[in-house]
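Residue numbers for the sequence shown follow the numbering used here, so the first one is 1129 and each next one is one higher. Heads up: the structure comes next, in structure tokens.
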Amino acid sequence: MVKKSICLAFEVHQPFRLKKDFFWTKQMFRRGLKSTDLFDYYFSEADNREVFEKVARKCYCPTNELIRRL
1129 MVKKSICLAF EVHQPFRLKK DFFWTKQMFR RGLKSTDLFD YYFSEADNRE VFEKVARKCY
1189 CPTNELIRRL
């Protein structure tokens, strides 16, 4: 009897969250920013981390555990 294998591939998507005060306290297109500073200027690392950890706890980790047990 020949053992058969299967390969499962999943892709997840988590959009980056804009900083909450971005439109009110900052100029949308600020001159003089280096490309390395753009990410920190536009996006909220704290919000991104919070959402990712919540989704991981509720979805990614349980799904991985379920698949691991198969």
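Glycine included, every Cβ here is placed at the ideal spot set by N, Cα and C.
- Just the Cα atoms here: how many angstroms apart are E1178 and Y1188? Rounded to the nearest angstrom, the two C-alpha atoms are 14 Å apart.
- Query: What is the DSSP secondary structure of F1171, counted as helix, strand or coil?
  - Reply: Strand.
- Message: In whole angstroms, give me the CA-to-CA distance for F1180 and H1141.
- Response: One C-alpha to the other measures close to 10 Å.
- Message: Would Y1169 and L1146 qualify as a contact pair, given that the criterion is a beta-carbon distance under 8 Å?
- Response: Against a cut-off of 8 Å, the Cβ pair of L1146 and Y1169 comes out as no contact.
- Message: Considering Cα atoms alone, identify which of K1131, F1138, I1134 and V1130 is closest to N1192.
- Response: The residue from K1131, F1138, I1134 and V1130 with its alpha-carbon nearest to that of N1192 is F1138.
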